[in-house]
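Following this note's numbering, the residues of the sequence shown are numbered contiguously, the last one being 434.
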Amino acid sequence: MNGAGGAYGVSGTDGTGGVHGTRDGAGGAHGVSGADAVNGAHGTGGAHDDDAELLARVFLSRVLEPGDTVGGRWLRELGAVHVARRLREGRLPLPGVSQKRWAGLCARAARADPARDLAAARDTGVRFLRPGDTEWPAQLDDLGDARPTGLWVRGGPSLRIWALRSVALVGARACTEYGAHMAATLAAGLAERGWVVVSGGAYGVDGAAHRGTLGSGGATVAVLACGVDRPYPRGHTELIDRIARQGVVVGELPPGDHPTPSRFIVRNRVIAALTRGTVVVEAAYRSGSLVTARAAQRLGRHTMGVPGPATSALSAGVHELLRGGATLVTDAEEVIELVGDMGELAPDRRGPVLPRDLLAPDARHVLAALPARGPATAHEIARGAGTTADDAIARLYELRSLGYVERHGEGWKLTRQAMISSRTGRDGC
(Lines of atoms letter the chains of each structure in order from A and count residues from 1; the text may use other names and numbers.)
(Lines give C-alpha, C1' and ligand atoms only; values in the text may rest on other atoms or scores of the structure.)
Protein backbone atom coordinates (compact mmCIF):
# COMPACT_ATOMS: atom_id res chain seq x y z
CA MET A 1 0.00 0.00 0.00
CA ASN A 2 3.06 2.24 0.04
CA GLY A 3 2.21 3.56 3.49
CA ALA A 4 -1.38 4.59 2.77
CA GLY A 5 -3.79 4.31 5.65
CA GLY A 6 -6.61 1.80 5.41
CA ALA A 7 -10.14 2.02 6.73
CA TYR A 8 -9.01 1.96 10.35
CA GLY A 9 -5.93 4.13 10.09
CA VAL A 10 -3.61 1.16 9.63
CA SER A 11 -0.27 2.24 8.17
CA GLY A 12 2.46 -0.04 6.91
CA THR A 13 5.30 2.42 6.41
CA ASP A 14 7.83 1.98 9.17
CA GLY A 15 6.17 0.54 12.24
CA THR A 16 6.28 3.91 14.02
CA GLY A 17 3.79 6.27 12.46
CA GLY A 18 0.89 3.88 11.92
CA VAL A 19 -1.43 1.89 14.10
CA HIS A 20 0.31 -1.44 13.88
CA GLY A 21 3.76 -2.85 13.29
CA THR A 22 4.20 -4.39 9.89
CA ARG A 23 5.30 -7.70 8.50
CA ASP A 24 8.09 -7.13 6.01
CA GLY A 25 7.17 -3.46 6.00
CA ALA A 26 3.78 -3.86 4.31
CA GLY A 27 0.22 -4.12 5.45
CA GLY A 28 -3.02 -2.23 5.93
CA ALA A 29 -6.68 -2.80 6.63
CA HIS A 30 -7.78 -2.75 2.99
CA GLY A 31 -11.19 -1.51 4.03
CA VAL A 32 -12.11 -4.69 5.93
CA SER A 33 -14.85 -3.96 8.45
CA GLY A 34 -14.24 -4.89 12.06
CA ALA A 35 -17.13 -7.37 12.26
CA ASP A 36 -16.32 -9.04 8.95
CA ALA A 37 -12.66 -9.44 9.82
CA VAL A 38 -13.36 -10.85 13.27
CA ASN A 39 -15.96 -13.26 11.91
CA GLY A 40 -13.51 -14.43 9.26
CA ALA A 41 -15.24 -12.98 6.20
CA HIS A 42 -13.07 -12.01 3.25
CA GLY A 43 -10.35 -14.26 4.68
CA THR A 44 -9.59 -15.75 1.29
CA GLY A 45 -5.84 -15.33 1.49
CA GLY A 46 -3.02 -12.87 1.14
CA ALA A 47 -3.41 -9.40 2.62
CA HIS A 48 -7.04 -10.00 3.64
CA ASP A 49 -5.98 -12.88 5.90
CA ASP A 50 -3.35 -10.62 7.44
CA ASP A 51 -5.95 -7.91 8.06
CA ALA A 52 -8.35 -10.40 9.58
CA GLU A 53 -5.65 -11.69 11.92
CA LEU A 54 -4.71 -8.14 12.93
CA LEU A 55 -8.28 -7.15 13.73
CA ALA A 56 -8.88 -10.44 15.54
CA ARG A 57 -5.91 -9.78 17.85
CA VAL A 58 -7.07 -6.20 18.47
CA PHE A 59 -10.50 -7.65 19.31
CA LEU A 60 -8.99 -10.27 21.64
CA SER A 61 -6.87 -7.66 23.43
CA ARG A 62 -10.21 -6.20 24.56
CA VAL A 63 -11.77 -9.57 25.47
CA LEU A 64 -8.99 -11.66 27.03
CA GLU A 65 -7.20 -10.56 30.18
CA PRO A 66 -3.40 -10.16 29.92
CA GLY A 67 -1.56 -13.35 30.82
CA ASP A 68 -4.58 -15.60 30.24
CA THR A 69 -2.85 -18.93 29.54
CA VAL A 70 -6.09 -20.64 28.48
CA GLY A 71 -6.68 -17.94 25.88
CA GLY A 72 -3.03 -18.22 24.89
CA ARG A 73 -3.48 -21.92 24.25
CA TRP A 74 -6.53 -21.18 22.08
CA LEU A 75 -4.45 -18.74 20.04
CA ARG A 76 -1.64 -21.24 19.63
CA GLU A 77 -3.86 -24.17 18.67
CA LEU A 78 -6.71 -22.50 16.77
CA GLY A 79 -5.45 -19.09 15.61
CA ALA A 80 -6.69 -15.61 16.44
CA VAL A 81 -9.37 -15.40 13.73
CA HIS A 82 -11.03 -18.67 14.76
CA VAL A 83 -10.98 -17.79 18.48
CA ALA A 84 -12.43 -14.34 17.78
CA ARG A 85 -15.20 -15.82 15.62
CA ARG A 86 -16.16 -18.36 18.31
CA LEU A 87 -16.34 -15.63 20.92
CA ARG A 88 -18.47 -13.46 18.62
CA GLU A 89 -20.85 -16.33 17.96
CA GLY A 90 -20.97 -17.23 21.65
CA ARG A 91 -22.43 -20.70 21.17
CA LEU A 92 -20.23 -23.70 22.03
CA PRO A 93 -17.52 -22.84 24.59
CA LEU A 94 -13.91 -23.36 23.70
CA PRO A 95 -12.14 -26.01 25.84
CA GLY A 96 -10.75 -25.22 29.28
CA VAL A 97 -13.36 -22.77 30.63
CA SER A 98 -16.55 -23.10 32.60
CA GLN A 99 -19.92 -21.99 31.26
CA LYS A 100 -19.83 -19.05 33.65
CA ARG A 101 -16.47 -17.82 32.43
CA TRP A 102 -17.40 -18.39 28.80
CA ALA A 103 -20.52 -16.27 29.30
CA GLY A 104 -18.37 -13.50 30.74
CA LEU A 105 -15.97 -13.61 27.80
CA CYS A 106 -18.85 -13.56 25.32
CA ALA A 107 -20.36 -10.54 27.10
CA ARG A 108 -17.05 -8.73 26.65
CA ALA A 109 -16.90 -9.84 23.03
CA ALA A 110 -20.32 -8.34 22.34
CA ARG A 111 -19.03 -4.92 23.38
CA ALA A 112 -15.61 -5.13 21.69
CA ASP A 113 -15.08 -3.03 18.57
CA PRO A 114 -11.60 -3.40 17.04
CA ALA A 115 -12.28 -0.70 14.46
CA ARG A 116 -13.02 1.79 17.23
CA ASP A 117 -9.90 0.77 19.15
CA LEU A 118 -7.69 1.19 16.09
CA ALA A 119 -9.24 4.58 15.37
CA ALA A 120 -8.64 5.68 18.97
CA ALA A 121 -5.05 4.45 18.70
CA ARG A 122 -4.48 6.37 15.48
CA ASP A 123 -5.82 9.57 17.05
CA THR A 124 -3.37 9.33 19.98
CA GLY A 125 -0.30 8.25 18.00
CA VAL A 126 -0.41 4.65 19.20
CA ARG A 127 0.40 1.55 17.14
CA PHE A 128 -0.51 -2.10 17.69
CA LEU A 129 2.13 -4.83 17.51
CA ARG A 130 1.46 -8.53 17.22
CA PRO A 131 3.68 -11.62 17.15
CA GLY A 132 5.40 -11.84 13.80
CA ASP A 133 5.56 -8.09 13.17
CA THR A 134 9.03 -6.75 12.40
CA GLU A 135 8.96 -4.67 15.60
CA TRP A 136 7.77 -7.53 17.84
CA PRO A 137 10.42 -8.41 20.51
CA ALA A 138 10.99 -12.13 19.99
CA GLN A 139 12.00 -12.66 23.63
CA LEU A 140 8.35 -12.20 24.63
CA ASP A 141 7.71 -15.56 22.98
CA ASP A 142 9.53 -17.13 25.96
CA LEU A 143 6.31 -16.54 27.93
CA GLY A 144 4.63 -19.38 26.03
CA ASP A 145 0.86 -19.32 26.35
CA ALA A 146 1.14 -16.29 28.65
CA ARG A 147 2.61 -14.26 25.77
CA PRO A 148 0.72 -11.00 25.11
CA THR A 149 -1.99 -11.18 22.48
CA GLY A 150 -0.47 -7.97 21.20
CA LEU A 151 1.12 -4.76 22.43
CA TRP A 152 -0.06 -1.17 22.15
CA VAL A 153 2.97 1.07 21.72
CA ARG A 154 3.30 4.84 22.05
CA GLY A 155 6.57 6.45 20.99
CA GLY A 156 8.77 6.51 17.92
CA PRO A 157 11.71 4.11 18.55
CA SER A 158 11.60 0.44 17.63
CA LEU A 159 10.64 -1.60 20.68
CA ARG A 160 12.36 -4.69 19.28
CA ILE A 161 15.70 -2.92 18.81
CA TRP A 162 15.58 -1.16 22.17
CA ALA A 163 14.70 -4.36 24.01
CA LEU A 164 17.81 -6.14 22.71
CA ARG A 165 20.00 -4.23 25.19
CA SER A 166 17.71 -3.47 28.09
CA VAL A 167 17.59 -3.92 31.88
CA ALA A 168 14.55 -3.75 34.17
CA LEU A 169 14.79 -1.57 37.29
CA VAL A 170 11.89 -2.12 39.69
CA GLY A 171 11.12 -1.69 43.37
CA ALA A 172 8.88 -0.31 46.06
CA ARG A 173 6.34 2.43 45.40
CA ALA A 174 6.76 3.86 48.89
CA CYS A 175 10.54 3.78 48.65
CA THR A 176 12.99 5.51 50.94
CA GLU A 177 15.35 8.30 49.91
CA TYR A 178 18.05 5.64 49.70
CA GLY A 179 15.94 3.57 47.30
CA ALA A 180 15.15 6.54 45.07
CA HIS A 181 18.81 7.57 45.04
CA MET A 182 20.03 4.08 44.14
CA ALA A 183 17.41 3.66 41.41
CA ALA A 184 18.24 7.01 39.81
CA THR A 185 21.99 6.42 40.07
CA LEU A 186 21.80 2.91 38.61
CA ALA A 187 19.54 4.10 35.79
CA ALA A 188 21.82 7.01 34.93
CA GLY A 189 24.86 4.73 34.95
CA LEU A 190 23.17 2.21 32.66
CA ALA A 191 21.97 4.96 30.32
CA GLU A 192 25.46 6.46 30.07
CA ARG A 193 26.75 3.05 28.99
CA GLY A 194 24.15 2.65 26.24
CA TRP A 195 21.60 0.46 28.01
CA VAL A 196 17.82 0.91 27.86
CA VAL A 197 16.10 1.07 31.27
CA VAL A 198 12.68 -0.59 31.51
CA SER A 199 10.29 -0.03 34.42
CA GLY A 200 6.60 0.22 35.23
CA GLY A 201 5.99 3.97 35.43
CA ALA A 202 4.78 3.75 39.05
CA TYR A 203 5.62 5.99 41.99
CA GLY A 204 8.79 5.34 43.97
CA VAL A 205 11.60 3.28 42.46
CA ASP A 206 10.00 3.06 38.99
CA GLY A 207 9.66 6.82 38.69
CA ALA A 208 13.19 7.39 40.01
CA ALA A 209 14.56 4.94 37.43
CA HIS A 210 12.75 6.67 34.56
CA ARG A 211 13.84 10.13 35.73
CA GLY A 212 17.44 9.05 36.24
CA THR A 213 17.52 7.74 32.67
CA LEU A 214 15.85 10.77 31.12
CA GLY A 215 18.08 13.11 33.11
CA SER A 216 21.12 11.41 31.58
CA GLY A 217 19.73 11.72 28.07
CA GLY A 218 19.15 7.97 27.98
CA ALA A 219 16.53 5.59 26.63
CA THR A 220 13.70 4.30 28.80
CA VAL A 221 10.58 2.16 28.34
CA ALA A 222 7.51 2.29 30.59
CA VAL A 223 5.33 -0.85 30.62
CA LEU A 224 1.86 0.12 31.86
CA ALA A 225 -0.99 -1.93 33.31
CA CYS A 226 -3.57 0.18 31.46
CA GLY A 227 -4.19 1.74 28.08
CA VAL A 228 -1.10 3.64 26.93
CA ASP A 229 -3.28 6.64 26.09
CA ARG A 230 -4.34 6.92 29.75
CA PRO A 231 -1.23 7.47 31.90
CA TYR A 232 -1.39 5.92 35.35
CA PRO A 233 -0.73 6.94 38.06
CA ARG A 234 -2.24 10.35 37.29
CA GLY A 235 0.57 12.05 39.18
CA HIS A 236 2.99 10.67 36.58
CA THR A 237 1.09 11.97 33.56
CA GLU A 238 3.82 14.47 32.70
CA LEU A 239 6.57 11.85 33.22
CA ILE A 240 4.84 9.23 31.06
CA ASP A 241 4.14 11.80 28.35
CA ARG A 242 7.82 12.70 28.38
CA ILE A 243 8.78 9.02 28.12
CA ALA A 244 6.46 8.73 25.10
CA ARG A 245 8.25 11.69 23.46
CA GLN A 246 11.78 10.53 24.26
CA GLY A 247 11.29 6.78 24.62
CA VAL A 248 8.54 4.16 24.44
CA VAL A 249 5.36 3.48 26.45
CA VAL A 250 3.98 -0.06 26.16
CA GLY A 251 0.84 -1.84 27.34
CA GLU A 252 -1.24 -4.92 26.61
CA LEU A 253 -4.59 -3.25 27.21
CA PRO A 254 -6.43 -1.35 24.47
CA PRO A 255 -6.96 2.43 24.49
CA GLY A 256 -8.93 3.76 27.43
CA ASP A 257 -8.69 0.61 29.56
CA HIS A 258 -8.03 1.08 33.26
CA PRO A 259 -5.63 -0.74 35.62
CA THR A 260 -6.64 -3.23 38.32
CA PRO A 261 -4.51 -4.88 41.04
CA SER A 262 -4.31 -8.15 39.09
CA ARG A 263 -3.27 -6.32 35.92
CA PHE A 264 -0.30 -4.79 37.72
CA ILE A 265 0.85 -8.27 38.72
CA VAL A 266 0.55 -9.87 35.27
CA ARG A 267 2.12 -6.78 33.65
CA ASN A 268 5.33 -7.61 35.48
CA ARG A 269 5.93 -10.74 33.40
CA VAL A 270 6.26 -8.51 30.31
CA ILE A 271 8.91 -6.38 32.03
CA ALA A 272 10.83 -9.55 32.97
CA ALA A 273 10.59 -11.13 29.52
CA LEU A 274 11.42 -7.96 27.60
CA THR A 275 14.78 -7.40 29.29
CA ARG A 276 18.09 -9.22 29.78
CA GLY A 277 17.86 -8.94 33.54
CA THR A 278 15.86 -7.46 36.42
CA VAL A 279 17.28 -5.37 39.27
CA VAL A 280 15.17 -4.95 42.42
CA VAL A 281 16.18 -1.87 44.40
CA GLU A 282 13.82 -1.95 47.39
CA ALA A 283 11.00 -4.42 48.07
CA ALA A 284 9.06 -5.62 51.09
CA TYR A 285 8.16 -9.30 51.42
CA ARG A 286 4.88 -8.86 49.49
CA SER A 287 6.12 -6.37 46.91
CA GLY A 288 4.94 -6.76 43.32
CA SER A 289 8.48 -6.12 42.16
CA LEU A 290 9.43 -9.53 43.55
CA VAL A 291 6.91 -11.00 41.10
CA THR A 292 8.96 -9.41 38.31
CA ALA A 293 12.17 -10.87 39.72
CA ARG A 294 10.72 -14.36 40.08
CA ALA A 295 9.33 -14.22 36.57
CA ALA A 296 12.82 -13.27 35.36
CA GLN A 297 14.26 -16.27 37.22
CA ARG A 298 11.74 -18.63 35.63
CA LEU A 299 12.58 -17.24 32.20
CA GLY A 300 16.30 -17.74 32.75
CA ARG A 301 17.03 -14.01 32.90
CA HIS A 302 19.55 -12.50 35.32
CA THR A 303 18.01 -11.49 38.65
CA MET A 304 19.77 -8.91 40.80
CA GLY A 305 19.13 -7.07 44.05
CA VAL A 306 20.49 -3.91 45.68
CA PRO A 307 21.03 -4.53 49.41
CA GLY A 308 19.69 -2.18 52.05
CA PRO A 309 19.83 -1.88 55.84
CA ALA A 310 19.17 -5.19 57.59
CA THR A 311 16.60 -3.41 59.76
CA SER A 312 14.61 -1.97 56.84
CA ALA A 313 11.30 -3.70 56.03
CA LEU A 314 11.54 -2.23 52.53
CA SER A 315 14.74 -4.18 51.91
CA ALA A 316 13.55 -7.44 53.48
CA GLY A 317 12.17 -8.78 50.20
CA VAL A 318 15.39 -7.93 48.35
CA HIS A 319 17.47 -9.70 50.98
CA GLU A 320 15.25 -12.78 50.71
CA LEU A 321 15.69 -12.66 46.94
CA LEU A 322 19.48 -12.50 47.39
CA ARG A 323 19.40 -15.49 49.72
CA GLY A 324 17.42 -17.32 47.04
CA GLY A 325 20.10 -17.01 44.39
CA ALA A 326 19.85 -13.48 42.99
CA THR A 327 23.10 -11.58 42.50
CA LEU A 328 24.00 -8.63 44.71
CA VAL A 329 24.78 -5.46 42.75
CA THR A 330 25.64 -1.95 43.88
CA ASP A 331 26.28 0.00 40.67
CA ALA A 332 25.77 -0.03 36.91
CA GLU A 333 29.13 -1.72 36.22
CA GLU A 334 28.16 -4.75 38.29
CA VAL A 335 24.80 -4.99 36.48
CA ILE A 336 26.46 -4.80 33.07
CA GLU A 337 28.99 -7.46 34.05
CA LEU A 338 26.04 -9.88 34.31
CA VAL A 339 23.82 -8.81 31.42
CA GLY A 340 26.45 -7.44 29.03
CA ASP A 341 28.72 -9.05 26.49
CA MET A 342 31.74 -11.17 27.33
CA GLY A 343 34.53 -9.02 28.68
CA GLU A 344 32.32 -6.24 30.08
CA LEU A 345 33.65 -6.68 33.59
CA ALA A 346 33.17 -4.50 36.62
CA PRO A 347 36.40 -3.02 38.03
CA ASP A 348 38.09 -4.80 40.94
CA ARG A 349 36.91 -3.41 44.28
CA ARG A 350 39.43 -3.01 47.09
CA GLY A 351 40.27 -0.68 49.94
CA PRO A 352 42.81 2.14 49.67
CA VAL A 353 46.47 1.21 49.26
CA LEU A 354 48.45 2.42 52.31
CA PRO A 355 52.14 3.33 52.11
CA ARG A 356 53.09 0.41 54.35
CA ASP A 357 51.38 -1.97 51.87
CA LEU A 358 54.19 -1.13 49.44
CA LEU A 359 56.96 -2.29 51.81
CA ALA A 360 58.81 -5.53 51.20
CA PRO A 361 57.60 -8.38 53.46
CA ASP A 362 60.83 -8.44 55.53
CA ALA A 363 60.59 -4.71 56.17
CA ARG A 364 56.91 -5.04 57.18
CA HIS A 365 57.84 -7.76 59.69
CA VAL A 366 60.53 -5.59 61.25
CA LEU A 367 58.20 -2.58 61.37
CA ALA A 368 55.51 -4.69 63.08
CA ALA A 369 58.04 -5.83 65.72
CA LEU A 370 58.66 -2.29 67.03
CA PRO A 371 56.77 -1.52 70.25
CA ALA A 372 53.96 1.03 70.16
CA ARG A 373 55.65 3.06 72.88
CA GLY A 374 59.33 3.65 73.65
CA PRO A 375 62.49 2.42 71.89
CA ALA A 376 63.74 -1.13 71.45
CA THR A 377 67.19 -2.47 70.59
CA ALA A 378 67.99 -4.10 67.27
CA HIS A 379 68.33 -7.48 69.03
CA GLU A 380 64.83 -7.15 70.60
CA ILE A 381 63.35 -6.11 67.28
CA ALA A 382 65.10 -9.02 65.51
CA ARG A 383 63.59 -11.54 67.96
CA GLY A 384 60.12 -10.10 67.39
CA ALA A 385 60.54 -10.17 63.62
CA GLY A 386 62.03 -13.69 63.55
CA THR A 387 65.25 -12.61 61.88
CA THR A 388 68.89 -11.84 62.68
CA ALA A 389 70.12 -8.63 64.28
CA ASP A 390 72.14 -7.74 61.15
CA ASP A 391 69.08 -8.17 58.93
CA ALA A 392 66.93 -6.19 61.39
CA ILE A 393 69.46 -3.29 61.35
CA ALA A 394 69.46 -3.27 57.55
CA ARG A 395 65.67 -3.09 57.48
CA LEU A 396 65.56 -0.43 60.20
CA TYR A 397 67.78 1.88 58.15
CA GLU A 398 65.48 1.35 55.16
CA LEU A 399 62.49 2.23 57.32
CA ARG A 400 64.32 5.27 58.71
CA SER A 401 64.89 6.64 55.20
CA LEU A 402 61.14 6.24 54.53
CA GLY A 403 60.20 8.08 57.73
CA TYR A 404 58.76 5.14 59.69
CA VAL A 405 61.36 4.88 62.47
CA GLU A 406 64.01 6.96 64.16
CA ARG A 407 67.08 6.06 66.20
CA HIS A 408 67.42 6.96 69.87
CA GLY A 409 70.90 6.07 71.15
CA GLU A 410 71.13 2.26 71.00
CA GLY A 411 67.40 1.89 70.41
CA TRP A 412 64.84 2.40 67.66
CA LYS A 413 61.27 3.69 67.92
CA LEU A 414 58.33 4.49 65.66
CA THR A 415 57.98 8.05 64.43
CA ARG A 416 54.83 10.00 65.25
CA GLN A 417 53.78 9.86 61.59
CA ALA A 418 54.14 6.07 61.56
CA MET A 419 51.90 5.74 64.64
CA ILE A 420 49.22 8.00 63.08
CA SER A 421 49.38 6.00 59.82
CA SER A 422 49.04 2.75 61.77
CA ARG A 423 45.90 3.96 63.56
CA THR A 424 44.16 5.41 60.47
CA GLY A 425 45.03 2.36 58.36
CA ARG A 426 43.07 -0.02 60.54
CA ASP A 427 39.63 -1.24 59.51
CA GLY A 428 37.94 0.12 62.60
CA CYS A 429 36.84 -3.26 63.97
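Even glycine gets a Cβ: it sits at the ideal position worked out from N, Cα and C.
Small disclaimer: the values here were computed from a predicted structure and weren't measured.
* Rounded distance between the beta-carbons of Val311 and Val172, thought under 8 angstroms -> Looking up residue 172 in the sequence shown gives position 167. Looking up residue 311 in the sequence shown gives position 306. In this structure Val172 is not in contact with Val311, their Cβ atoms being roughly 13 angstroms apart against a cut-off of 8 angstroms.
* Asked: If we call anything under 9 angstroms between Cβ atoms a contact, is Val255 one with Ala214?
  -> If you number the sequence shown from 1, residue 255 lands on position 250. If you number the sequence shown from 1, residue 214 lands on position 209. Not in contact: Val255 and Ala214 (Cβ atoms no closer than 9 angstroms).
* Are Arg165 and Gly199 close, meaning C-beta to C-beta below 9 angstroms? -> Counting from one through the sequence shown, the residue named residue 165 turns up at place 160. Counting from one through the sequence shown, the residue named residue 199 turns up at place 194. No; because the gap between Cβ atoms is not below 9 angstroms, this pair is not in contact.
* Going by Cα to Cα distance, which pick from Ala85, Val75, Ala126 is closest to Ser103? -> Residue 103 sits at position 98 when you count from the first residue of the sequence shown. The residue with the shortest Cα to Cα distance from Ser103 is Val75.
* By how many angstroms is the C-alpha of Val158 removed from the C-alpha of Leu134? -> If you number the sequence shown from 1, residue 134 lands on position 129. If you number the sequence shown from 1, residue 158 lands on position 153. A straight line joining the alpha-carbon of Leu134 with that of Val158 spans about 7 angstroms.
* To do: Starting from the C-beta of Asp211, find all residues in its chain whose C-beta is less than 6 angstroms away, skip the five residues before and the five after it, and write them out in chain order.
  => Here residue 211 refers to the residue found at position 206 of the sequence shown. Excluding positions up to five away in sequence, the list reads Ser204, Gly205.
* **contact_flag[the stretch 59-71, the stretch 144-162] where n(CB pairs < 8 angstroms) is 3 or more** => These segments touch.
* Asked: Where does Leu99 fall in DSSP's three states?
  -> In the sequence shown, counting from the first residue as 1, residue 99 sits at position 94. Reduced to three states, the DSSP call for Leu99 is coil.
* Provide the residue span of the alpha helix (DSSP H) that contains Thr316, from first to last. => Taking the first residue of the sequence shown as 1, we reach residue 316 at position 311. Per DSSP, Thr316 belongs to no alpha helix (DSSP H) and is neither H nor E.
* At what residue ranges does the stretch 216-288 contain a whole run of the alpha helix (DSSP H), taking only runs of 4 or more? -> Along the stretch 216-288, the alpha helix (DSSP H) occurs as fully enclosed runs of 4 or more residues at 242-251, 266-279, listed in sequence order.
* To do: Whole angstroms is fine: what's the gap from Cys180's alpha carbon to Arg216's?
  => Working through the sequence shown from its first residue, we reach residue 180 at position 175. Working through the sequence shown from its first residue, we reach residue 216 at position 211. Those two C-alpha atoms are separated by around 15 angstroms.
* Asked: Taking only runs of the alpha helix (DSSP H) that begin and end inside the stretch 324-411, which ones reach a length of at least 4 residues, in chain order?
  -> Runs found: 337-344, 366-374, 383-390, 394-406.
* Asked: How about His413 and Gly391: are their beta carbons less than 9 angstroms apart?
  -> Taking the first residue of the sequence shown as position 1, residue 413 is located at position 408. Taking the first residue of the sequence shown as position 1, residue 391 is located at position 386. No.
* Straight-line CA distance for Pro305 to Ala224? -> In the sequence shown, counting from the first residue as 1, residue 305 sits at position 300. In the sequence shown, counting from the first residue as 1, residue 224 sits at position 219. Before going further, note that residue 305 is Gly rather than Pro in the sequence given. Approximately 24 angstroms, taken between the alpha carbons.
* 9 angstroms Cβ cutoff met for Ala249 and Val201 -> For this step, residue 249 is matched to residue 244 along the sequence shown. For this step, residue 201 is matched to residue 196 along the sequence shown. No, the pair does not count as a contact, with Cβ atoms beyond the cut-off.
* Going by CA-CA distance only, name the one from Asp246, Leu229, Gly240 that's closest to Val271. => On the sequence shown, position 266 is the one that residue 271 refers to. The shortest Cα separation from Val271 among Asp246, Leu229, Gly240 belongs to Leu229.
* Asked: Do you know how far the Cα of Ala115 is from the Cα of Ala57?
  -> The sequence position of residue 57 within the sequence shown is 52, counting from 1. The sequence position of residue 115 within the sequence shown is 110, counting from 1. Their backbone Cα atoms lie some 18 angstroms apart in a straight line.
* Helix, strand or coil at Val37 according to DSSP, with G and I counted as helix -> Translated into positions along the sequence shown, residue 37 becomes position 32. Only weak support is given to the placement of Val37: the predicted model assigns it a pLDDT of 41, under 50, and the question is left unresolved by the model.
* Asked: Helix, strand or coil for Trp167 per DSSP?
  -> The sequence position of residue 167 within the sequence shown is 162, counting from 1. Trp167 falls in the helix class under three-state DSSP.
* Asked: If you draw a straight line from the C-alpha of Asp367 to the C-alpha of Ala315, how long is it?
  -> By one-based count along the sequence shown, residue 367 stands at place 362. By one-based count along the sequence shown, residue 315 stands at place 310. Each residue's alpha carbon lies about 42 angstroms from the other.
* By Cβ distance, which residues of its chain are closer than 7 angstroms to Pro376, with the 5 residues on each side in sequence left out? -> The residue given as residue 376 occupies position 371 in the sequence shown. Same-chain partners within the cutoff: there are none.
* Let me know the secondary structure DSSP gives Arg132 once reduced to three states. => If you number the sequence shown from 1, residue 132 lands on position 127. Judged by DSSP in its simplified three-state form, Arg132 adopts strand.
* Is Gly252 close to chain D, meaning its C-beta is less than 9 angstroms from at least one C-beta of that chain? -> In the displayed structure, chain D is absent; only one protein chain is listed.
* Asked: Where does the unbroken alpha helix (DSSP H) through Gly76 begin, and where does it stop?
  -> As a first step, residue 76 must be located in the sequence shown, where it is residue number 71. DSSP places Gly76 in the uninterrupted alpha helix (DSSP H) bounded by 74-83.
* To do: Keeping to the same chain, check which residues put their C-beta closer than 7 angstroms to that of Pro236; ignore five residues upstream and five downstream.
  => Residue 236 sits at position 231 when you count from the first residue of the sequence shown. Listed in chain order, the non-local C-beta contacts of Pro236 below 7 angstroms within the same chain comprise Thr242, Ile245, Asp246, local neighbours out to five positions each way being set aside.
* From which residue to which residue does the beta strand (DSSP E) around Leu156 run? -> Taking the first residue of the sequence shown as 1, we reach residue 156 at position 151. Leu156 -> beta strand (DSSP E) spans 156-159.
* Exposed or buried, what is Thr283 when buried is set at 16 or more other beta-carbons lying within 10 Å of its beta-carbon? -> Position 278 of the sequence shown, counted from the start, is the residue given in the question as residue 283. With 16 or more Cβ atoms within 10 Å of its Cβ, Thr283 is classed as buried.
* **Extent of the continuous beta strand (DSSP E) to which Ser204 belongs** => One-based indexing of the sequence shown puts residue 204 at position 199. Where Ser204 is concerned, the enclosing beta strand (DSSP E) stretches over 201-204.
* To do: Hey, could you find the ends of the beta strand (DSSP E) Trp417 is sitting in?
  => Here residue 417 refers to the residue found at position 412 of the sequence shown. Residues 416-419.
* Own chain partners of Ala193 with C-beta closer than 6 angstroms, once the 5 adjacent residues on each side are dropped -> Here residue 193 refers to the residue found at position 188 when the sequence shown is read from its first residue. So the qualifying residues of the chain are Gly217, Ser221.
* Asked: Where does the unbroken alpha helix (DSSP H) through Gln144 begin, and where does it stop?
  -> By one-based count along the sequence shown, residue 144 stands at place 139. Careful: Gln144 lies outside any alpha helix (DSSP H) and carries neither H nor E.
* To the nearest whole angstrom, what separates the beta carbons of Ala331 and Thr308, a pair I think is in contact under 8 angstroms? -> If you number the sequence shown from 1, residue 331 lands on position 326. If you number the sequence shown from 1, residue 308 lands on position 303. About 4 angstroms separates the two Cβ atoms, so the contact holds.
* Asked: In three-state DSSP terms, what is Thr181?
  -> For the purposes of this step, residue 181 is taken as residue 176 along the sequence shown, with counting starting at 1. Here Thr181 sits in coil by DSSP.
* Spell out the partners DSSP gives Leu65 in its beta bridges. => Stepping through the sequence shown from its first residue, residue 65 is reached at position 60. For Leu65, no pairing in a beta bridge is given by DSSP.
* Could you give the residue range of the alpha helix (DSSP H) that holds Ser294? -> Counted from its first residue, the sequence shown places residue 294 at position 289. Its alpha helix (DSSP H) spans residues 293-303.
* Under three-state DSSP, which class holds Ala117? -> On the sequence shown, position 112 is the one that residue 117 refers to. When DSSP states are grouped into helix, strand and coil, Ala117 belongs to the coil group.
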